[in-house]
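*Asks:* Note that our numbering has the sequence shown beginning at 83, numbered continuously upward.
Even for Gly, the Cβ is constructed at its ideal location relative to N, Cα and C.
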Amino acid sequence: MRPIRTAYVVLSAALLVGAVSADHAIAESAKPGQAASSAKGAASPIYGVTIPEGYRKWQMIAPAEEGAPLDELRVVLGNPAAVKAIENATLPYPDGAIFVKLAYKRKQSPDFESATVPGQPTTVQVMVKDSRRYASSGGWGYGRFINGQPADLAQHQTCFACHAARVKDRDYVFTHYAP
Ligand code: HEC
């Protein structure tokens with residue numbers, strides 16, 4: 083029985099590896115260029131967007147603040163394609179442009195009374211431009227992540243509607259470049 087069992091183990095391991103790399107290949111081939119980022123981490127519902135690798139080192143486009151009830155500080159970052167386009171006011175954004183919005187609870191500085199500083203991180207939100215893959219949502223794929231995990235389907239059903247209602251004429255992007 084030994085050899086058979088060993089063969090079975092080897093075979094299932096091979097199948098597993100095959101399945102994983104096939105999955106990876108599908109995920110990769112669905113993304114043109116730099117688009118949807120690393121294959122690490124879970125993908126958002128509807129859009130299959132993941133947190134882009136290295137995003138924390140991207141350039142800042144603008145900060146933002148959200149009042150009650152969320153009371154958050156935010157900062158919007160862009161990958162090089164997004165930064166170049168927004169600096170030059172190029173519309174629509176090119177495929178491969180990615181925006182990431184980081185949000186934190188707003189808190190009073192423990193060191194200086196009138197200063198407001200980031201508290202607990204709340205969400206990381208992502209918009210990836212891929213005009214073919216995301217043709218039905220204005221060319222953008224959306225992802226909202228909480229502690230690195232994608233938020234639920236219901237939350238992802240709201241993204242495009244709000245961006246489309248307010249800023250369709252700026253290719254669905256709210257943020258302006260802050261010099
Ligand atoms: C009710 C309106 C609304 C909804 C719903 C919404 N957003 Fe936004 N989004 C905004 C506003 C307003 C900004 C501008 C920055 C700010 O004020 O935080 C923004 C900015 C962004 C940005 C930075 C690029 C830009 O457009 O400025 C990303 C990325 C983003 N949202 C992702 C998402 C994702 C992902 C979802 C769904 C899970 C979503 N948004 C749902 C209103 C909305």
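Run through DSSP, which three-state label would C180 get?
*Replies:* Start at 1 with the first residue of the sequence shown, and residue 180 comes out as number 98. Rather than Cys, the amino acid found at residue 180 in this sequence is Ile. Note: I180 maps to strand in three-state DSSP.
*Asks:* Whole angstroms are fine: how far does the CA of Q237 sit from the CA of K250?
*Replies:* By one-based count along the sequence shown, residue 250 stands at place 168. By one-based count along the sequence shown, residue 237 stands at place 155. Cα-Cα distance, rounded: 20 Å.
*Asks:* Measure the CB-CB distance between T257 and R226 and report whether it falls below 8 Å.
*Replies:* The count along the sequence shown starts at 1 and reaches residue 257 at position 175. The count along the sequence shown starts at 1 and reaches residue 226 at position 144. No.
*Asks:* From which residue to which residue does the beta strand (DSSP E) around P162 run?
*Replies:* The count along the sequence shown starts at 1 and reaches residue 162 at position 80. Here P162 belongs to no beta strand (DSSP E); instead the alpha helix (DSSP H) covers 162-169.
*Asks:* Who pairs with G225 in a beta bridge, going by DSSP?
*Replies:* Stepping through the sequence shown from its first residue, residue 225 is reached at position 143. Paired residues: V208.
*Asks:* For V199, write down the residues that DSSP places opposite it in a beta bridge.
*Replies:* Translated into the one-based positions of the sequence shown, residue 199 becomes position 117. Looking at the DSSP assignment, V199 forms a beta bridge with K189.
*Asks:* Could you check whether G201 and K183 sit closer than 8 Å to each other, using their CB atoms as the reference points?
*Replies:* Stepping through the sequence shown from its first residue, residue 183 is reached at position 101. Stepping through the sequence shown from its first residue, residue 201 is reached at position 119. No, the pair does not count as a contact, with Cβ atoms beyond the cut-off.
*Asks:* Could you say if the region 166-175 and the region 145-152 meet the contact criterion of at least three C-beta pairs nearer than 8 Å?
*Replies:* The region 166-175, when compared against the region 145-152, does not touch it at the 8 Å Cβ threshold.
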